[in-house]
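Sequence lines, in order, name chains A and B. Take the first sequence: its letter number 27 is residue 26 in numbering that gives the first Met the number 0, and every next letter is one higher. Take the second sequence: its letter number 31 is residue 30 in numbering that gives the first Met the number 0, and every next letter is one higher. Positions of the beta carbon are idealized from the N, C-alpha and C atoms, including for glycine. Just so you know, these numbers come straight off a predicted model, no measurement behind them.
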Amino acid sequence: MKIKKGFVLRKVGGESVVVPVGEMSKQFHGMINLNETGAFLWTFFSAEHTVDEGVAALLAEYDVDEQLARADVEQFVKTIVANGFAE
Amino acid sequence: METERLKIEDVLRLQGKYVGPTVGVSMLPMLKNRRDTIIVVPKTERLKRLDVALYKRGDAYVLHRVLEAVEGGYIIRGDNCYVDEKVPEDAVFGVLTEFYRKNKHIVCTDEKYIRYANKRLKTYKFRRFFVRIKWKIKGACKKILRAFGWRK
Numbered sequence: 000m001k002i003k004k005g006f007v008l009r010k011v012g013g014e015s016v017v018v019p020v021g022e023m024s025k026q027f028h029g030m031i032n033l034n035e036t037g038a039f040l041w042t043f044f045s046a047e048h049t050v051d052e053g054v055a056a057l058l059a060e061y062d063v064d065e066q067l068a069r070a071d072v073e074q075f076v077k078t079i080v081a082n083g084f085a086e
Numbered sequence: 000m001e002t003e004r005l006k007i008e009d010v011l012r013l014q015g016k017y018v019g020p021t022v023g024v025s026m027l028p029m030l031k032n033r034r035d036t037i038i039v040v041p042k043t044e045r046l047k048r049l050d051v052a053l054y055k056r057g058d059a060y061v062l063h064r065v066l067e068a069v070e071g072g073y074i075i076r077g078d079n080c081y082v083d084e085k086v087p088e089d090a091v092f093g094v095l096t097e098f099y100r101k102n103k104h105i106v107c108t109d110e111k112y113i114r115y116a117n118k119r120l121k122t123y124k125f126r127r128f129f130v131r132i133k134w135k136i137k138g139a140c141k142k143i144l145r146a147f148g149w150r151k
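#1: Identify every residue that forms a DSSP beta bridge with Arg-76/B.
#2: Does the separation of the CB atoms of Cys-107/B and Leu-120/B fall below 7 Å?
#3: Quick one: Cα of Asp-50/B to Cα of Arg-64/B, how far?
#4: Starting from Ile-38/B, find everything on chain A with Cβ-Cβ shorter than 9 Å and list it in chain order.
#5: Hey, how far is the Cα of Asn-32/A from the Cα of Lys-77/A?
#6: Got a sec: which bits of the segment 8-26 of chain B sit with their beta carbon under 8 Å from any beta carbon on chain A, in order along the chain?
#7: Leaving aside the five residues before and after Cys-80/B along the sequence, list all residues of the same chain whose C-beta is less than 6 Å from its C-beta, in chain order.
#8: Give the DSSP-derived three-state secondary structure of Asn-32/B in the structure shown.
#9: Would you say Val-54/A lies against chain B (beta-carbon separation less than 7 Å)?
#10: Glu-1/B to Arg-45/B, Cα distance in whole Å?
#11: Quick one: using the 10 Å Cβ neighbour count with 16 as the cut-off for buried, is Lys-16/B buried or exposed?
#12: Going by DSSP, name the residue or residues bridged to Ser-15/A.
#13: Out of curiosity, what's the CA-to-CA distance linking Arg-100/B and Ile-143/B?
#14: Chain B partners of Met-0/A, CB-CB under 7 Å?
#15: What does Arg-34/B touch in chain A if you count any residue whose Cβ is under 8 Å from its own?
#16: Roughly how many angstroms separate the alpha carbons of Gly-12/A and Val-18/B, rounded to a whole number?
Next up, the structure:
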């Protein structure tokens with residue numbers, strides 16, 4: 000899974016917000032608020048990776064058990080795909 | 000992650016800020032169409048000279064610079080525009096506080112930014128003079144091309 004091109008992740012007052020740029024801003028009108036884990040996964044999935052790789056990356060970055068990490072990554076991927084942000 | 004479709008004024012009211020892309024060329028060279036990102040907060044007090052106001056003109060959102068606060072509103076103009084506009088106080092609902100120019104983060108209280116904004120206003124008459132000359136040359140060229148049948 001990989002996030003489509005045309006989005007930028009911005010830090011605004013300690014929060015992470017994704018906004019569209021270029022042609023993507025004609026299709027998507029909005030802003031995506033991400034928590035810390037969401038911002039980490041957004042950056043990670045900006046390159047092509049599998050869910051398992053996402054889980055491994057989350058485990059390496061955060062002190063969290065595998066079950067919770069997998070649930071987070073699966074939920075993230077599901078939301079990204081459902082909203083048409085994946086390619 | 001949750002998704003909702005809201006108007007900018009609703010986003011400002013609910014979230015206290017709006018982060019989004021810029022659309023249009025009226026704030027060039029500061030903001031480039033669909034490349035840069037603006038961070039706008041709700042207007043909580045009267046705006047002042049150099050502030051960049053977010054307001055609505057019909058259904059369109061406009062982000063232009065305040066030249067002067069006048070009774071009942073503001074005299075406003077885009078950095079790349081040559082026409083002033085009087086905007087009523089109640090039409091303005093947001094103010095630009097930060098922006099990303101490409102990937103460079105700029106805060107509107109930054110001294111360098113304020114110098115830029117001041118310079119943009121100070122050089123307005125000079126820029127307008129040259130733009131008018133450019134328009135006249137362009138118009139003359141079009142007439143010549145039409146006269147020779149090279150342009151409809």
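Looking at the coordinates:
#1: Numbered from 1 along the second sequence, position 77 holds the residue referred to as residue 76/B. Beta-bridge pairing links Arg-76/B to Arg-64/B.
#2: As a first step, residue 107/B is located in the second sequence; it is residue number 108 there, counting from the start. As a first step, residue 120/B is located in the second sequence; it is residue number 121 there, counting from the start. No, the pair does not count as a contact, with Cβ atoms beyond the cut-off.
#3: Indexing the second sequence from 1 puts residue 50/B at position 51. Indexing the second sequence from 1 puts residue 64/B at position 65. Spanning the two alpha carbons is a distance of roughly 6 Å.
#4: For this step, residue 38/B is matched to residue 39 along the second sequence. Within 9 Å Cβ-Cβ: Arg-9, Val-11, Gly-12, Val-16.
#5: Within the first sequence, the letter at position 33 stands for residue 32/A. Within the first sequence, the letter at position 78 stands for residue 77/A. One C-alpha to the other measures close to 16 Å.
#6: Along the segment 8-26 of chain B, the positions whose C-beta sits under 8 Å from a C-beta of chain A are Val-10, Gln-14, Lys-16, Tyr-17, Val-18, Gly-19, Pro-20, Val-22, read in chain order.
#7: Counting from one through the second sequence, the residue named residue 80/B turns up at place 81. Hits under 6 Å: Ser-25.
#8: Working through the second sequence from its first residue, we reach residue 32/B at position 33. Coil, per DSSP.
#9: For the purposes of this step, residue 54/A is taken as the residue at position 55 of the first sequence. Chain B contact via Cβ: absent.
#10: As a working mapping, residue 1/B is identified with position 2 in the second sequence. As a working mapping, residue 45/B is identified with position 46 in the second sequence. At Glu-1/B the pLDDT is 49, less than 50, meaning the model places this residue with poor confidence; the figure from the coordinates comes in the next sentence. Distance between the alpha carbons of Glu-1/B and Arg-45/B: 33 Å.
#11: As a working note, residue 16/B is residue 17 in the second sequence. Buried: at least 16 other Cβ atoms inside 10 Å.
#12: Translated into positions along the first sequence, residue 15/A becomes position 16. Beta-bridge pairing links Ser-15/A to Lys-10/A, Leu-33/A.
#13: For the purposes of this step, residue 100/B is taken as residue 101 along the second sequence, with counting starting at 1. For the purposes of this step, residue 143/B is taken as residue 144 along the second sequence, with counting starting at 1. Each residue's Cα considered, the two are about 40 Å apart.
#14: Within the first sequence, the letter at position 1 stands for residue 0/A. Within 7 Å Cβ-Cβ: nothing; Met-0/A doesn't reach chain B, min ~15 Å.
#15: The residue given as residue 34/B occupies position 35 in the second sequence. Within chain A, the residues near Arg-34/B are Val-20, Gly-21.
#16: Walking along the first sequence from the start, residue 12/A turns up at place 13. Walking along the second sequence from the start, residue 18/B turns up at place 19. Those two C-alpha atoms are separated by around 11 Å.
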